[in-house]
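If you're matching them up, the sequences are chains G and W in order. Counting from 1244, one number per residue, gives the positions in the first sequence under the numbering used here. Counting from 1244, one number per residue, gives the positions in the second sequence under the numbering used here. We put the CB at the ideal spot given by N, CA and C, even for glycine. Just so we're clear, the structure is a prediction, and the values are computed from it rather than from any experiment. Here is the structure we will look at.
Protein chains: 2
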Amino acid sequence: MSRASDRAFEAIRSMILSGELPAGAQVVEEALAEKCGVSRTPVRDALRRLESDLLVVRTDTQRSFVADWSLDDVADAFELRSILEAEAARRAADQMTEGALTRIRDANRQIADAIMKPVPDVGGFLEGNREFHAVILEVAGSRRLASLLGTLIEQPVVWRTAHHYSREALHRSHSEHDELIAAFARRDGGWAKSIMTSHILRAYHAYADAHGLTGELQQAAE
Amino acid sequence: MSRASDRAFEAIRSMILSGELPAGAQVVEEALAEKCGVSRTPVRDALRRLESDLLVVRTDTQRSFVADWSLDDVADAFELRSILEAEAARRAADQMTEGALTRIRDANRQIADAIMKPVPDVGGFLEGNREFHAVILEVAGSRRLASLLGTLIEQPVVWRTAHHYSREALHRSHSEHDELIAAFARRDGGWAKSIMTSHILRAYHAYADAHGLTGELQQAAE
DNA sequence: CCAGAGCTATTTGTATACATTATCCCCTCC
DNA sequence: GGAGGGGATAATGTATACAAATAGCTCTGG
């Protein structure tokens, strides 16, 4: 992980997720190479990976740009994610272990801590949320399913608007996690699948609400 | 598409699909570079792409090998494919056009021609089948869904055993396509989805049957 | 004032050399 | 004789130079 191409990958990825490289901006290999302190070779490598994650898109003439996700694109990604992550939940329920269940409960406890604070700790929420879903995916035990979902969970636009989620949305997400835990504890795959489907779709609606809000704010700021 | 890295990609991909590079074989950049008549740079590029398609896997120490799909891996890929392609069928039904419907019917006619011959034309069957599913995916209209399914349809093991499919399996596949066409003609997404799910799963069973057979044949040949 | 050709600057593609890292084999030492 | 270390070998990672292609601009001609 300490290879130059890995460092470049992480660096560029974080520039995109943070918005330092805005959606639609052209990405130029040499500029990034200088910024990361490496040559173009590892940067090219990193860009190919980001491309396969759909964080970067290339025109037919080989120019690269930061992916510009329309609202429809985000909706599509959430819908596909709800389908695949529901399948992951179904499989995970069938193979759930006590150890994994503990890790899932811990992750949701971290989420509880984060959202109980006077000012919700969005970073803590996102981290706990990531762990929660990661453990489920791990228990589901399909490298392929994990690889498919990988390209769906990294949504720069969504990450940046997480700070505008309503308190209600955060609490609802936490309690839906509790329901999922109950389904896992009973090893009830059908139940887990159905909860996960609506959980992800509701997360999309939380995003859409927050997005409408930030969209207005952005317009007001222009 | 005439760039060296594209040619290398196609060349290596076809070596893997044809079995010239057998499953589990180590992939060495320089050897492939020489074979393709290019330098290592475009070969590296091609390998990264093949890697993201899971046709090539890398160890934790950066060595590359041709992916070795266990029967479980293949089953997993088919199951995920059935889920995603069912979703594609559902969406396609909602947005089906007469033009696309014609192309789909033509593709299935090509399949009919191929399997009616005294000796079934497996190449023609595969080509028609590819076109059939490609048009559906196109009508579904999600770049993202297309990208997810892309990594699931290229299964070297499956392609090579297609020649051992039973005549019954080929005919059943053709008539399931007819049913799908009927669902599309009625714009009935739910129906299309349900047929597509079982269509793909049955295709898996055809593979599993043929695979068991070829497995025995391979053993006998060793 | 617009369309288009051609030039220039920018950006990406490819080859090659070198650095780094892993693997394997042999050799020593216990 | 077996385990561990060290060096040779082979493979990948990185940097750099140069080639090819693209985009954008200017300048001309109508």
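Restricting to Cα atoms, I'd like to know which of the options is closest to residue i.
i       : options                            : result
T1302/W : L1444/W, V1270/W, Y1447/W          : V1270/W
R1346/W : P1399/W, Y1447/W, I1379/W          : I1379/W
S1385/G : P1399/G, A1332/G, R1306/G          : A1332/G
L1298/G : F1321/G, A1435/G, P1265/G          : P1265/G
S1418/W : S1441/W, G1280/W, M1339/W          : S1441/W
V1309/G : L1423/G, P1363/G, V1400/G          : V1400/G
E1411/W : A1449/W, I1424/W, A1426/W, G1432/W : A1449/W
L1388/G : R1387/W, T1394/W, A1383/W          : T1394/W
L1260/W : M1339/W, W1402/W, R1415/W, H1414/W : W1402/W
G1466/W : E1341/W, L1413/W, Q1338/W, S1390/W : Here chain W covers residues 1244 to 1465 and nothing more, so residue 1466/W does not appear.
L1391/W : R1306/G, R1246/G, A1320/G, F1252/G : A1320/G
E1330/W : G1433/W, L1344/W, Q1398/W, A1357/W : G1433/W
A1451/W : R1283/W, D1316/W, Q1353/W          : D1316/W
T1284/G : D1421/G, A1453/G, D1249/G          : D1249/G
I1396/W : G1262/W, V1286/W, E1374/W, Y1408/W : E1374/W
D1356/G : E1370/G, L1344/G, M1439/G          : E1370/G
D1311/W : A1268/W, H1454/W, E1341/W, V1382/W : A1268/W
H1407/G : P1363/G, H1376/G, A1435/G, R1348/G : P1363/G
Can you find a C-beta in chain W that's less than 7 Å from the C-beta of residue i?
i       : result
I1379/G : no
S1385/G : yes
S1295/G : yes
D1249/G : no
E1397/G : no
E1330/G : yes
A1464/G : Caution is warranted here: a pLDDT of 46 is assigned to A1464/G, below 50, making its placement in the model unreliable, and the coordinate value is therefore given only provisionally. No, A1464/G does not count as interfacial toward chain W.
Y1447/G : no
A1451/G : no
Could you tell me whether the Cβ of residue i comes closer than 7 Å to any Cβ of chain G?
i       : result
I1326/W : yes
Applying a beta-carbon distance threshold of less than 8 Å, which residues of chain G neighbour residue i?
i       : result
A1320/W : R1387
Identify the contact partners of residue i in chain W, using a Cβ-Cβ distance below 9 Å as the criterion.
i       : result
R1291/G : D1288, R1291, R1292, S1295
List, in order along the chain, the chain G residues whose C-beta lies closer than 9 Å to that of residue i?
i       : result
S1390/W : S1295, L1297, T1394
Return yes when at least one heavy atom of the ligand SAM lies under 6 Å from the C-beta of residue i, else no.
i       : result
F1308/W : In terms of ligand content, the structure shown is empty, and the ligand SAM therefore cannot be addressed.
Using the beta-carbon of each residue, which ones in chain W are nearer than 8 Å to residue i?
i       : result
R1314/G : Sequence check: residue 1314/G is Leu here, not Arg. Within 8 Å Cβ-Cβ: nothing; L1314/G doesn't reach chain W, min ~14 Å.
D1323/G : In the sequence as displayed, the identity of residue 1323/G is Leu instead of Asp. Simply L1327, E1330, S1385, R1387, L1388, L1391.
**Message:** So if I threshold CB-CB distances at 9 Å, which residues from the stretch 1433-1445 of chain W count as touching chain G?
**Reply:** none
**Item:** Length at least 4, wholly inside the stretch 1347-1424 of chain W: the alpha helix (DSSP H) runs in chain order
**Value:** 1365-1383, 1386-1396, 1399-1404
**Asked** Name the residues in the stretch 1331-1362 of chain W whose C-beta lies less than 7 Å from a C-beta of chain G; which are they?
**Response** none
**Message:** Could you tell me which whole alpha helix (DSSP H) segments of length 4 or greater appear in the stretch 1257-1320 of chain W?
**Reply:** 1272-1279, 1283-1295
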